[in-house]
Amino acid sequence: MARQKDLISPSILSADFARLGEEVDNVLKSGADIVHFDVMDNHYVPNLTIGPLVCEALRKHGVTADIDVHLMVKPVDRIIPDFANAGASYITFHPESSEHVDRSLQLIRDHGCKSGLVFNPATPLDVLDYVMDKVDMILLMSVNPGFGGQSFIPGTLNKLRQARKRIDESGLDIRLEIDGGVKVDNIAEIKAAGADTFVAGSAIFGAANKQDPNHYDSVLRAFREQLAS
Ligand code: DX5
Ligand code: ZN
1043 MARQKDLISP
1053 SILSADFARL
1063 GEEVDNVLKS
1073 GADIVHFDVM
1083 DNHYVPNLTI
1093 GPLVCEALRK
1103 HGVTADIDVH
1113 LMVKPVDRII
1123 PDFANAGASY
1133 ITFHPESSEH
1143 VDRSLQLIRD
1153 HGCKSGLVFN
1163 PATPLDVLDY
1173 VMDKVDMILL
1183 MSVNPGFGGQ
1193 SFIPGTLNKL
1203 RQARKRIDES
1213 GLDIRLEIDG
1223 GVKVDNIAEI
1233 KAAGADTFVA
1243 GSAIFGAANK
1253 QDPNHYDSVL
1263 RAFREQLAS
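Converting from the sequence shown to this note's numbering requires adding 1042 to each position, the first position being numbered 1.
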């Protein structure tokens, strides 16, 4: 299976929530591909963010790009249909947050969304031995989940190579996403290790001078140049 097109997925965790619709419009206009939507519950992770109402609000605002919902909540099954109805495109969750991983993956697909599993830095990939045919996305955390602005954990590069090998050997159409500490100066080596979908929060939303109407253009261009290098 040929490698999929690289996708840049800005994490709105670092956006200005008071102007969220405009922030998402601007980052997509500047060349982002999809929208990374971090859901935290102050239980599975020590932070609290946004839920299905905000996802639905972005759809009503007119956002048509894929919305990549990253659930950091426990449990997940109750909230999956709500996100599907709110317009989620991808729904990913951590295997530790569901008692029945296979069932939760199936639930996501039954609701018409693409499904995915997220692996914390210390979580092994073994569960994939049994559910590879039920995932559309594998997301490797390169920081411990809960906060934006942390540093990339270098050992994730090796884990990316392992995940890439699993995907290539399976012959399945599965995206390999990376989340945490992705910057202009490390995205090329992250791609070389096998990722094809790149989440970046603080590197995109933190970089810009928001007085400039095209403020996300230069950082998105810098990411693209690195990906092409
Ligand atoms: C962390 C979130 C990330 C976060 C990444 O738990 O899953 O998506 O927004 O932020 P940066 O890119 O700043 O590390
Ligand atoms: Zn995330």
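Beta carbons: idealized from backbone N, C-alpha and C, even for Gly.
For the candidate residues Ile1121, Glu1138, Lys1225 and Tyr1132, whose alpha-carbon lies nearest to that of Asp1168? Glu1138
Would you tell me roughly how many angstroms separate the C-alpha atoms of Phe1135 and Leu1181, rounded to the nearest one? 9 Å
Give the secondary structure of Gly1158 by DSSP, where H, G and I count as helix, E and B as strand, and everything else as coil. strand
Neighbourhood of Ala1130 by C-beta distance below 7 Å, restricted to the same chain and skipping five residues each side: Cys1097, Ile1109, Val1111 and Cys1155
Given a threshold of 16 other Cβ atoms within 10 Å of its Cβ, counted over all protein chains shown, does Ala1164 qualify as buried or as exposed? exposed
Since Thr1239 and Leu1218 should fall inside the 8 Å C-beta cutoff, what is the C-beta to C-beta distance between them, to a whole number of angstroms? 7 Å
Give me whichever residues DSSP pairs with Ile1180 in a beta bridge. Leu1159 and Leu1218
Quick one, what's near the ligand ZN if you take every residue whose CB is closer than 6 Å to any heavy atom, in chain order? Ser1053, His1078, Asp1080, His1112, Asp1221 and Val1241
Please report how far the alpha carbon of Ile1272 lies from the alpha carbon of Glu1065, in whole angstroms. Outside the shown range of the chain, which is 1043 to 1271, sits residue 1272, and nothing can be said about it.
Ordered along the chain, which non-local residues of its own chain (more than five positions away) have a Cβ less than 7 Å from that of Phe1189? Asn1089
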